[in-house]
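*Asks:*
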Amino acid sequence: MTYTARIHKSVSEIAPEDWDRLAGDGNPFVSHAFLKLLEDSGSVGGRSGWSPLPIVIEGGDGRPAAALPAYLKSHSQGEYVFDHSWADAWQRAGGNYYPKLQIAAPFTPATGPRLLLGDRPDLAIPLLRAAEQLCDNNGLSSAHATFIEPGQLPLFEQAGWLPRSDIQFHWENRGYESFADFLGALSSEKRKNLRKERAKAQDGVEIRQLTGDAILPEHWDAFWVFYQDTGMRKWGRPYLTRAAFDLIGERMADKVLLVLAFDGDEPVAGALNFIGRDALYGRYWGAVVDKPFLHFELCYYQAIDAAIALGLSRVEAGAQGGHKLARGYEPVQTLSAHYIADPNFRSAVADFLERERAGVAQDQMVLGTRTPFRKG
Numbered sequence: 347m348t349y350t351a352r353i354h355k356s357v358s359e360i361a362p363e364d365w366d367r368l369a370g371d372g373n374p375f376v377s378h379a380f381l382k383l384l385e386d387s388g389s390v391g392g393r394s395g396w397s398p399l400p401i402v403i404e405g406g407d408g409r410p411a412a413a414l415p416a417y418l419k420s421h422s423q424g425e426y427v428f429d430h431s432w433a434d435a436w437q438r439a440g441g442n443y444y445p446k447l448q449i450a451a452p453f454t455p456a457t458g459p460r461l462l463l464g465d466r467p468d469l470a471i472p473l474l475r476a477a478e479q480l481c482d483n484n485g486l487s488s489a490h491a492t493f494i495e496p497g498q499l500p501l502f503e504q505a506g507w508l509p510r511s512d513i514q515f516h517w518e519n520r521g522y523e524s525f526a527d528f529l530g531a532l533s534s535e536k537r538k539n540l541r542k543e544r545a546k547a548q549d550g551v552e553i554r555q556l557t558g559d560a561i562l563p564e565h566w567d568a569f570w571v572f573y574q575d576t577g578m579r580k581w582g583r584p585y586l587t588r589a590a591f592d593l594i595g596e597r598m599a600d601k602v603l604l605v606l607a608f609d610g611d612e613p614v615a616g617a618l619n620f621i622g623r624d625a626l627y628g629r630y631w632g633a634v635v636d637k638p639f640l641h642f643e644l645c646y647y648q649a650i651d652a653a654i655a656l657g658l659s660r661v662e663a664g665a666q667g668g669h670k671l672a673r674g675y676e677p678v679q680t681l682s683a684h685y686i687a688d689p690n691f692r693s694a695v696a697d698f699l700e701r702e703r704a705g706v707a708q709d710q711m712v713l714g715t716r717t718p719f720r721k722g
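Count along the sequence shown from 1, add 346, and you get the number used in the numbering used here.
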């Protein structure tokens, strides 16, 4: 059978049933619904610096047989895998680092498939070769696949892409039946600390977990205020538009867990999570009050409660945050893979990554000794 690689200008050009057949139903961030709502809301495209360029391999029947969620990037914002030093080095050498190709779920530091292969793992290498050819034919400096699910990294390595790792903090469900059951696995001191934090956070507010039709328009209105406040303080400009939250509610409410804290009838803080097949993904949080430990309660403890109730294997609570360690979230390596077009630049990056990987592995080992779980 003859296969053709085709570059589209948006995910919207691809039929939802074809895209989701390749992506599967395990990860909400590579679903057609999520990627399309980013386009429809103006969160990507336009002046965002994220121009959709999904790559699809079509079979002889014209149907998609494999796909990459890819974007032409004019900056390195919203990726959470930092390559600014690479960009600076390449610019100093007289090259143009931007634009580059980004294979990712935009603004989303959550692990997931980046090679959407359906039942055709044999198309992984041709798909990556298509991405490389796109770079080479158009003078792009590089291509970057970020937050790759671990089982797919060998496919990138087989294609000769450079692997990279970093550390996040995830909570693992070891068959807990309740939050109290989880607390029982902690040391006595840590168990007492977590109970005190939860009590202080919950004092004077009512916390509700909402999903599906229980999430009303006024809840999104409140959460938009929370999101803007956090976004302006952390990265200067919120990545998602207001319309994105309305579309999440309209199109993906059954994949959403919105945790809100109420003072009377008024929401004063909230955390937005997405529900996958095996994991709960914490994404955004914000508040209009300054209440001790409320952040930990809404983002971490409520997420643990929900994951146990839903029978999920883990909670991915987003990027960074060493403070998660004391709350039962453990250090895990996150993975990315990189294609560098220029051979000399590639060699320099490869040397850097080899040294960086050793440091990341050492950091993970040290952090692993500092978890709050009972020793022995």
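Ideal Cβ positions, reconstructed from N, Cα and C, are used throughout, including at glycine.
In three-state DSSP terms, what is G714?
*Replies:* helix
*Asks:* What does a CB cutoff of less than 7 Å around P398 pick up in its chain, not counting 5 residues either side in sequence?
*Replies:* K355, S356, V357, E385, V390, G391, Y417
*Asks:* Under a three-way DSSP split, which group does S693 fall into?
*Replies:* helix
*Asks:* Can the beta-carbon of G628 be found less than 8 Å from the beta-carbon of F572?
*Replies:* no
*Asks:* Do A505 and S682 come within 8 Å of each other at the CB atom, strictly closer than that value?
*Replies:* Note that the C-beta distance between S682 and A505 is not below 8 Å.
*Asks:* Is the Cβ-Cβ distance between P452 and G424 less than 8 Å?
*Replies:* yes
*Asks:* Spatial neighbours of A665 within its chain, please: C-beta separation below 6 Å, excluding the five flanking residues on both sides.
*Replies:* The answer, listed in chain order, is Y426, P455.
*Asks:* Could you check what DSSP says for Y627 in three-state terms: helix, strand or coil?
*Replies:* strand
*Asks:* Which term fits V402, buried or exposed, when burial requires 16 or more other beta carbons within 10 angstroms of its beta carbon?
*Replies:* A buried status is given to V402, since no fewer than 16 other beta-carbon atoms sit within 10 Å of its beta-carbon.
*Asks:* In three-state terms, what does DSSP make of P362?
*Replies:* It is helical.
*Asks:* Candidates S431, A568, D434: which alpha carbon is nearest L604's?
*Replies:* Answer by Cα proximity: A568.
*Asks:* Is L656 buried or exposed, if buried means 16 or more other CB atoms sit within 10 Å of its CB?
*Replies:* Exposed, because fewer than 16 other Cβ atoms sit within 10 Å of the Cβ of L656.
*Asks:* Tell me the rounded alpha-carbon separation between A526 and Q710.
*Replies:* 27 Å
*Asks:* On the premise that L486 lies in contact with L532, defined as a C-beta separation below 8 Å, what is that separation, rounded to the nearest angstrom?
*Replies:* At roughly 48 Å, the Cβ-Cβ gap does not stay under 8 Å, so L532 and L486 are not in contact.
*Asks:* For G667, which option in A489, R466, H516 has the closest C-alpha, if you only look at C-alpha atoms?
*Replies:* H516
*Asks:* How long is the line joining the alpha carbons of E523 and G530, rounded to whole angstroms?
*Replies:* When rounded, the separation of the alpha-carbon atoms in E523 and G530 is 11 Å.
*Asks:* Does G464 come within less than 8 Å of chain E when only Cβ atoms are used?
*Replies:* Annotation note: the requested chain E is absent from the structure, which comprises a single protein chain.
*Asks:* Going by DSSP, what residue range makes up the alpha helix (DSSP H) through F453?
*Replies:* Membership of F453 in any alpha helix (DSSP H) is not indicated, and neither H nor E is assigned to it by DSSP.
*Asks:* Could you tell me which residues DSSP pairs with P613 in its beta bridges?
*Replies:* F608
*Asks:* Quick check on this structure: which residue in V634, R460, K536 has the alpha carbon closest to the alpha carbon of G370?
*Replies:* R460
*Asks:* Are there 16 or more other CB atoms within 10 angstroms of the CB of K670, so buried, or fewer, so exposed?
*Replies:* buried
*Asks:* Could you have a look at P563 and say whether DSSP puts it in helix, strand or coil?
*Replies:* helix
*Asks:* Mind reading off the beta-carbon distance from Y646 to R544? Whole number of angstroms is fine, and I expect it under 8 Å.
*Replies:* The pair is not a contact, with the Cβ atoms about 10 Å apart (cut-off 8 Å).
*Asks:* Residue range of the alpha helix (DSSP H) that L328 falls in?
*Replies:* No answer is possible for residue 328: the residues shown for the chain start at 347 and end at 722.
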